[in-house]
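To start, the structure under review is shown below, and the notes come after it.
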Amino acid sequence: MMNKNETILVLGGRGLVGSAIIRELTAQGFKNILSPNSSELNLLEQERVRSYFKENTPDIVILAAAKVGGILANNTYRADFIFENLGIQQNVFDACHRSGVKKMLFLGSSCIYPKECPQPMKEEYLLTGPLEQTNEPYAIAKIAGLKMAESFNRQYGCKFYSVMPTNLYGVNDNYDLEKSHVIPGLIARMDQAIKNGDTEFKVWGTGKPRREFLYVDDMAKACIHVLNIDGDVPDLINIGTGEDISIGEVASMIAEKMGFKGELVFDTSKPDGTMRKLLDVSRVKSLGWKPEVSLSEGLDRSIGFYLN
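When the letters of the sequence shown are read in order and numbered with my numbering, they come out as residues 1 to 308.
See below:
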């Protein structure tokens, strides 16, 4: 079990997941939480990372920092995505091992699974087929990270764990009209449509693709739950709800909650992407964790955060 007085280093603490983890740690009474921003600690500078760990001696490290982006960014800046993520991971794993941290948690992404993966996606489906081409460099970097964790555990007896979250949303999400993910993008554009008095709202694609969504505070609790496990922890753990919903249904829920009275129009000239991406979460449930926030409640919180 984690000790409330241990020093916990959260890397990526300004982001969606990292900030949620810090909120949850604080709520649970942890006192010594470190979360340097990128100007205080550039994770691409190996010697600076080593020095920071030596100076601050963290007991537990949560690696939520990464270079991230949507489809366009992933496909355009392919070299940056693989180079920077591999660099961040290599430097942090190295520093964790050198400084003897007790536990380290690495956050991956569900894009590590094959493009044509059977549904729901089980952990053992990793590396059984080709990846989605648009984000292949990012996915390969994340796969390298979880394999690095696995290898340090095997060779040195470290306790480096890897969790793979599904699509996350919630407080501190990116609500940019062009660069955001599904839920925050729909919320921001719906708000704009209401203010403009629009009678139609365009949803990209047919609305038929199905996606799984997890409220970010549940993800934070799952991370802390995994770090609290006393005993053997699997090398890879999916974190999700085990349930999915169509994009069209999500858009309808958001429209109703925000009071949009117009018509939803599906722009079939835009791509649908993969028709279904659902994680198998039986492994994490067997470890005693399950989500608490329903999609309806999570949308209420997210809409409230955006409007405020």
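Built from N, CA and C at the ideal position, the CB exists for glycine as well.
Can you tell me where the beta strand (DSSP E) holding residue i begins and where it ends?
i, result
"Glu243", "First-last for Glu243: undefined, no H or E at that position."
"Ile60", "60–63"
"Asp309", "This structure does not reach residue 309, given that the chain is present from 1 up to 308, and the question cannot be answered."
Report yes if the CB atom of residue i is closer than 8 Å to the CB atom of residue j, and no otherwise.
i, j, result
"Leu279", "Asn238", "yes"
"Leu34", "Thr57", "no"
"Ser252", "Leu264", "yes"
"Gly205", "Asp272", "yes"
"Ile140", "Leu105", "no"
"Glu150", "Asp267", "no"
"Asn74", "Phe81", "yes"
"Ala188", "Val284", "no"
"Asp198", "Gly248", "no"
"Lys257", "Ile229", "no"
"Phe30", "Phe93", "no"
"Ile143", "Ile183", "no"
"Met190", "Ile254", "yes"
"Val163", "Val226", "yes"
"Arg276", "Asp244", "yes"
"Tyr138", "Tyr306", "no"
Is residue i helix, strand or coil by DSSP?
i, result
"Phe213", "strand"
"Ile229", "coil"
"Glu200", "strand"
"Asn3", "coil"
"Ser162", "strand"
"Lys103", "strand"
"Tyr169", "strand"
"Asn238", "strand"
"Leu86", "helix"
"Thr128", "coil"
"Gly69", "coil"
"Asn135", "helix"
"Asp191", "helix"
Excluding sequence positions up to five away, which residues of its chain have a Cβ less than 6 Å from the Cβ of residue i?
i, result
"Thr166", "Ser110, Glu212, Leu214, Gly240, Leu279"
"Tyr193", "Tyr is not the amino acid found at residue 193; the sequence shown has Ala there. Excluding residues within five positions, the ones whose Cβ falls inside 6 Å are Phe201."
"Asn85", "Ala66, Lys67, Ala141"
"Asn135", "Asn74, Cys111"
Ignore the nearest five residues each way along the sequence and tell me which others in residue i's own chain have a CB closer than 8 Å to its CB.
i, result
"Tyr77", "Gly69"
"Ala64", "Val10, Leu11, Gly12, Gly13, Gly15, Val17, Gly18, Ile21, Leu107"
"Arg48", "Leu41, Asn42"
"Ile224", "Met2, Ile21, Glu24, Leu25, Gln28"
"Lys102", "Glu6, Asp59, Ile60, Lys159"
"Val345", "The structure shown does not extend to residue 345, since the chain spans only 1 to 308, so no value can be given for it."
"Leu177", "Gly185, Ala188, Arg189, Gln192"
Could you spell out the range, first to last residue, of the alpha helix (DSSP H) harbouring residue i?
i, result
"Val10", "No alpha helix (DSSP H) contains Val10, which is instead part of the beta strand (DSSP E) from 7–11."
"Val281", "No alpha helix (DSSP H) holds Val281; DSSP gives it neither H nor E."
"Ile33", "First-last for Ile33: 32–34, but that is the beta strand (DSSP E), not the alpha helix (DSSP H)."
"Met339", "Here the chain comprises residues numbered 1 to 308, so residue 339 is not present and cannot be evaluated."
"Gly300", "The displayed chain sequence assigns Asp, not Gly, to residue 300. Unbroken alpha helix (DSSP H) run through Asp300: 295–307."
"Gly15", "No alpha helix (DSSP H) contains Gly15, which DSSP labels as neither H nor E."
"Tyr52", "46–56"
Within a Cβ cutoff of 7 Å, which residues of the same chain sit near residue i, ignoring the five residues on either side of it in sequence?
i, result
"Met219", "Val17, Ala20, Pro165, Leu168, Ile239"
"Pro114", "Tyr125, Thr128, Gly129, Pro130, Leu131"
"Glu292", "Asp218"
"Ala310", "Residue 310 lies beyond the stretch modelled for the chain, which goes from 1 to 308, so this question has no answer here."
"Asn37", "Arg14"
"His97", "Phe152, Tyr156, Cys158"
Would you say residue i touches the ligand FAD, meaning its beta carbon is less than 7 Å from a heavy atom?
i, result
"Ser296", "Judged by which ligands are present, the structure shown has none, so any question about the ligand FAD falls away."
### Query
Is the segment 42–57 in contact with the segment 118–136, if contact means three or more CB pairs nearer than 8 Å?
Taking one beta carbon from each stretch, the segment 42–57 and the segment 118–136 have fewer than 3 pairs nearer than 8 Å; the two do not touch.
### Message
Would the segment 164–183 count as touching the segment 286–303 if we require 3 or more Cβ pairs under 8 Å?
### Response
Because the criterion of three Cβ pairs below 8 Å is met, the segment 164–183 and the segment 286–303 touch.
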